[in-house]
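Heads up: the sequence shown runs through residues -21 to -1, 1 to 335, numbered per mature numbering (1 follows the signal peptide of the UniProt record, and there is no 0).
The beta carbon of each residue, even a glycine, is placed where N, CA and C say it ideally should be.
This structure is a prediction, so every number in the text was calculated from the model and none was measured.
Take a look at the structure below.
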Amino acid sequence: MIARVCLLSFVSLIVLAAIDGQRRTRQINEDANRFCSWLKGNKLRNCLSHPLLGLSAREGVEEALKECRSHFTDRRWNCSGVTIADVFQNERMLKADNRESSYLQAVSSAGVAHQITRDCSKGTREECGCDNRPQGRGTAPGELSWEWGGCSDDFRYGIQFSKDFMDPSRSSEKSLSYYVRRHNNDAGRRVIISKMDKTCKCHGVSGSCTVKVCWRTMPKMKAIATELRRKYEHAIKVKLNRNKTKLTRLSRGRRGRKSNKRNSNRRPSSSSLVYAEDSPDFCKPDSRYGILGTHGRSCNKTSSGTAGCSQMCCGRGYNTVNRLDDVKCNCQFIWCCHVKCDWCKKEWVQHTCKGD
Ligand SMILES: *[C@@H]1O[C@H](CO)[C@@H](O)[C@H](O)[C@H]1NC(C)=O
Ligand SMILES: *[C@@H]1O[C@H](CO)[C@@H](O)[C@H](O)[C@H]1NC(C)=O
Ligand SMILES: *[C@@H]1O[C@H](CO)[C@@H](O)[C@H](O)[C@H]1NC(C)=O
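This is the structure we're talking about:
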């Protein structure tokens, strides 16, 4: 009797799990289809034939935007007002060709390559897996010898997918925007390649390193976004050459001084970010580009930098509010092992930018 009940509940558990699995699969497919419906043309076809990779791409852009927000917190343009859909549809800031767009393009295409590669390594995508190319043994001077093993990140697959998915198709009109976008997307993905590293693990009895196994690993998304933030500061202004076949640096020679004709290598380096338009001042909202303006932004009264009230508020002035926060205080370490704190009131002054 008991055995029968056990068997019955066991069977029903399996049935329930199967139903649950089916529901989850259906939900993922619905989610993927909804995402694909944002897309057009090439992208749409690509997405429908690899719906799960489409979801990876979306996640990659989500991560990229999160990084963008954290790298621009103290700027007038703080990366909010850009949605994931904007990135895939080239809307709002993504339809401009200014310095901020160049960052967005690069960090998004890197984010897609990164997330695809990560999901491939995890083994959750049918189309791809680990990179089996690194093989054999390696030595570095002064290092124990080691051998390739484990799961190396297959960044080539992720990068190719990002190219197919994020770049404007070669059949589209070859405008200045087209070249700028392709250039920045590529520059973003190059950061991944330039920061590929290896991670190693020792195997052996009681911590000895008898066998050392290594695999190729990608940089973290944070490191990629930080590097691109640096490139953003040094972005290069470009225009189309006379034949409209490639980008050239906009000459910044002093007026009246002839540019050096022999210096024909005016191409921006492939690892630089490039832009074609000067940025707006980002002071006022502009819904065409999803710019929110700086009305209501917190600023630092004593700083003369970008987070300072004079720069942040564009000369409109700021409001001052006294704030009272609950903060942890008088924390004590209690043996063993936790920390006990009181709650205290902390007064501080908040400055926020005025509107017009
Ligand atoms: C422009 O194109 C023509 C022929 O298509 C070629 O002869 C010329 O060298 C090109 N000029 C530049 C600056 O690329
Ligand atoms: C970014 O700016 C917008 C308005 O311009 C503001 O609502 C938002 O809180 C800001 N985000 C951060 C993280 O400061
Ligand atoms: C405000 O700016 C000053 C000067 O740059 C700096 O010392 C201070 O830490 C800043 N305050 C905040 C809250 O960031």
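Buried or exposed: Cys320, going by 16 or more other Cβ atoms within 10 Å of its Cβ? Sequence index remark: in the sequence shown, residue 320 carries index 341 (1-based). Looking at its Cβ environment, which holds fewer than 16 other Cβ atoms inside 10 Å, Cys320 is exposed.
Going by DSSP, what residue range makes up the beta strand (DSSP E) through Leu219? On the sequence shown, position 240 is the one that residue 219 refers to. Taken as a continuous stretch (DSSP letters only), the beta strand (DSSP E) holding Leu219 covers 215 to 219.
Tell me whether Thr103 counts as near ligand 2, meaning its Cβ is closer than 6 Å to at least one heavy atom of that ligand. Here residue 103 refers to the residue found at position 124 when the sequence shown is read from its first residue. No; taking the cut-off as 6 Å, the Cβ of Thr103 has no heavy atom of ligand 2 nearer than that.
Around ligand 3, which residues pass a check of Cβ closer than 6 Å to any of its heavy atoms? Asn279, Thr281, Ser282
Enumerate in chain order the residues of its own chain whose CB-to-CB distance from Asp133 is below 8 Å, with the five nearest sequence positions on each side excluded. Residue 133 sits at position 154 when you count from the first residue of the sequence shown. Thr96, Cys99, Ser100, Cys107, Gly108, Cys109, Asp110.
Secondary structure, beta strand (DSSP E): runs of 3+ residues fully inside the stretch 116 to 149: 125 to 127
Heavy atom of ligand 2 within 6 Å of Asn271 beta-carbon: Within the sequence shown, the letter at position 292 stands for residue 271. Asn is not the amino acid found at residue 271; the sequence shown has Leu there. Yes, since a heavy atom of ligand 2 falls inside the 6 Å radius drawn around the Cβ of Leu271.
Spatial neighbours of Trp17 within its chain, please: CB distance less than 7 Å, with the 5 preceding and 5 following residues excluded, ordered by chain position. The residue you call residue 17 lines up with position 38 of the sequence shown. Only Ala64, Phe67, Gln68 meet the Cβ criterion.
Looking at the unbroken beta strand (DSSP E) that takes in Cys308, where does it start and where does it end? As a first step, residue 308 must be located in the sequence shown, where it is residue number 329. Note, Cys308: beta strand (DSSP E), 297 to 313.
How is Gln84 classed by DSSP in three states: helix, strand or coil? Looking up residue 84 in the sequence shown gives position 105. In the structure shown, Gln84 sits in a helix (DSSP, three-state: H, G or I).
State the Cα-Cα distance for the pair Gln290 and Ser283, rounded to the nearest angstrom. One-based indexing of the sequence shown puts residue 290 at position 311. One-based indexing of the sequence shown puts residue 283 at position 304. Cα to Cα, the separation comes out at about 7 Å.
7 Å CB neighbourhood of Ala75 in its chain, flanking five on each side removed: Taking the first residue of the sequence shown as position 1, residue 75 is located at position 96. In the same chain as Ala75, and ignoring 5 residues on each side of it, the C-beta atoms closer than 7 Å to its own belong to Glu256, Tyr268, in chain order.
Is any heavy atom in ligand 2 found nearer than 6 Å to the beta carbon of Ser227? Taking the first residue of the sequence shown as 1, we reach residue 227 at position 248. Before going further, note that residue 227 is Thr rather than Ser in the sequence given. Thr227: no, Cβ never under 6 Å from ligand 2.
If you measure between the beta carbons of Tyr254 and Arg78, is that distance less than 7 Å? Sequence index remark: in the sequence shown, residue 254 carries index 275 (1-based). Sequence index remark: in the sequence shown, residue 78 carries index 99 (1-based). Taking 7 Å as the cut-off, the Cβ atoms of Tyr254 and Arg78 count as close.
At a cut-off of 6 Å, would you count Asn301 as near ligand 2, judging by its Cβ distance to the nearest heavy atom? Within the sequence shown, the letter at position 322 stands for residue 301. No; taking the cut-off as 6 Å, the Cβ of Asn301 has no heavy atom of ligand 2 nearer than that.
For the beta strand (DSSP E) that Gln329 lies in, which residues bound it at each end? Locating residue 329 in the sequence shown gives position 350, where the first residue counts as 1. Counting along the chain, the beta strand (DSSP E) containing Gln329 begins and ends at 317 to 332.
Completely contained alpha helix (DSSP H) runs for the stretch 140 to 201, where each covers 4 or more residues: 155 to 173
Which residue's Cα is closest to the Cα of Gly130: Phe261, Ser141, Phe144, Arg112? Taking the first residue of the sequence shown as 1, we reach residue 130 at position 151. The sequence shown places Cys at residue 130, not Gly. That would be Arg112, whose Cα lies nearest to the Cα of Cys130.
Roughly how many whole angstroms lie between the Cα atoms of Gly235 and Trp327? In the sequence shown, residue 235 corresponds to position 256, counting from 1. In the sequence shown, residue 327 corresponds to position 348, counting from 1. Low confidence applies here, because Gly235 scores a pLDDT of 44, under 50, leaving its location unreliable and the question unanswered by this model.
Of the residues Asp143, Gly20, Ser249, which one's Cα is nearest the Cα of Val159? For the purposes of this step, residue 159 is identified with residue 180 of the sequence shown, where counting begins at 1. If we check each option's Cα against that of Val159, Ser249 comes out closest.
Let me confirm a value: Lys280 is counted as buried when at least 16 other C-beta atoms fall within 10 Å, else exposed. Which label applies? Position 301 of the sequence shown holds residue 280. Exposed, because fewer than 16 other Cβ atoms sit within 10 Å of the Cβ of Lys280.
Give the straight-line distance between the Cα atoms of Gly20 and Lys325, rounded to the nearest whole angstrom. Start at 1 with the first residue of the sequence shown, and residue 20 comes out as number 41. Start at 1 with the first residue of the sequence shown, and residue 325 comes out as number 346. Taking the straight line from one Cα to the other gives about 56 Å.
Could you name the residues of the same chain whose beta carbon sits closer than 7 Å to that of Glu46, not counting the 5 residues immediately before and after it, in chain order? Stepping through the sequence shown from its first residue, residue 46 is reached at position 67. These residues qualify, in order along the chain: Val86, Met200, Lys201, Ala204.
What's the call for His182, buried or exposed, on a 16-neighbour Cβ count within 10 Å? The residue given as residue 182 occupies position 203 in the sequence shown. That one is exposed.
Would you decide whether Ile138 is buried or exposed? Buried here means 16 or more other CB atoms lie within 10 Å of its CB. Your numbering for residue 138 matches position 159 in the sequence shown. By the beta-carbon neighbour count (other beta carbons within 10 angstroms, threshold 16), Ile138 is buried.
Tell me the DSSP secondary structure of Asn222 in three-state form. By 1-based counting over the sequence shown, the position of residue 222 is 243. Asn222: coil per DSSP, three-state reduction.
Could you tell me the alpha carbon to alpha carbon distance between Gly334 and Thr273, rounded to whole angstroms? As a working mapping, residue 334 is identified with position 355 in the sequence shown. As a working mapping, residue 273 is identified with position 294 in the sequence shown. Rounded to whole angstroms, Gly334 to Thr273 spans 8 Å at the Cα level.
Just list the residues that DSSP pairs Cys278 with in beta bridges. Within the sequence shown, residue 278 is the residue found at index 299, counting from 1. Per DSSP, His330.
Would you kindly work out how many angstroms separate the C-alpha atoms of Tyr297 and Leu207, rounded to a whole number? Position 318 of the sequence shown, counting from 1, holds the residue named residue 297. Position 228 of the sequence shown, counting from 1, holds the residue named residue 207. Straight across, the Cα-Cα distance linking Tyr297 with Leu207 is about 32 Å.
Where does Asp10 sit, in a helix, a strand or coil, going by DSSP? Locating residue 10 in the sequence shown gives position 31, counting from the first residue. In the structure shown, Asp10 sits in a helix (DSSP, three-state: H, G or I).
Report whether the distance from the Cβ of Ser59 to the nearest heavy atom of ligand 2 is below 6 Å. On the sequence shown, residue 59 is found 80 positions in, with the first residue counted as 1. The answer is yes for Ser59.
Name, in chain order, the residues that DSSP records as bridge partners for Val253. The count along the sequence shown starts at 1 and reaches residue 253 at position 274. BP columns for Val253 point to Ile215.
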